[in-house]
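Heads up: the sequence shown begins at 351 in this note's numbering, then just goes up one per residue. We put the beta carbon where it would ideally sit given N, CA and C, even for glycine. Written out below as structure tokens is the structure these notes cover.
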Amino acid sequence: MSTAPATTPDVTRRAAHRAVRYAKFTIGYNVIEGIIAISAGAVAGAVSLVGFGIASGIEVAAAVVVLIRLHGRLVRVRCRGPAGGW
């Protein structure tokens, strides 16, 4: 009676890929949002809209940092394999 070793699913890799998709979506959405807000603020002369567009740019910068960190983590997992550990 032999039993096969239990394998654990690689949840970390799936979650990281999902997080990368969310980060890319966030970057795209905030770039479009920022361009529209700054353009509308410039046309209407509304400083608040321009400020909102600048805030979207800051959110893009934060999402890029998250994306870079997630990409680095995925590369480490891919190089070490699922048993490589953190």
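Next on the checklist: Since G407 and V400 should fall inside the 8 angstroms C-beta cutoff, what is the C-beta to C-beta distance between them, to a whole number of angstroms?
Outcome noted: The residue labelled residue 407 in the question sits at position 57 within the sequence shown. The residue labelled residue 400 in the question sits at position 50 within the sequence shown. Rounded, the Cβ-Cβ distance is 11 angstroms, inconsistent with contact.
Item to check | Whole-Å CB distance - V381 paired with V410, under 8 angstroms assumed | outcome: Your numbering for residue 381 matches position 31 in the sequence shown. Your numbering for residue 410 matches position 60 in the sequence shown. The Cβ separation is near 6 angstroms, so the contact holds.
Item to check | Through-space distance from A405 to I385, alpha-carbon basis | outcome: Numbered from 1 along the sequence shown, position 35 holds the residue referred to as residue 385. Numbered from 1 along the sequence shown, position 55 holds the residue referred to as residue 405. The straight-line gap from Cα to Cα measures roughly 11 angstroms.
Checklist entry - Three-state secondary structure (DSSP) at A396? => result Locating residue 396 in the sequence shown gives position 46, counting from the first residue. Note: A396 maps to coil in three-state DSSP.
Checklist entry - According to the neighbour-count rule (16 or more other Cβ atoms, all chains shown, within 10 Å of its Cβ), is G378 buried or exposed? => result Residue numbering aside, residue 378 sits at position 28 when the sequence shown is read from its first letter. So G378 ends up on the exposed side.
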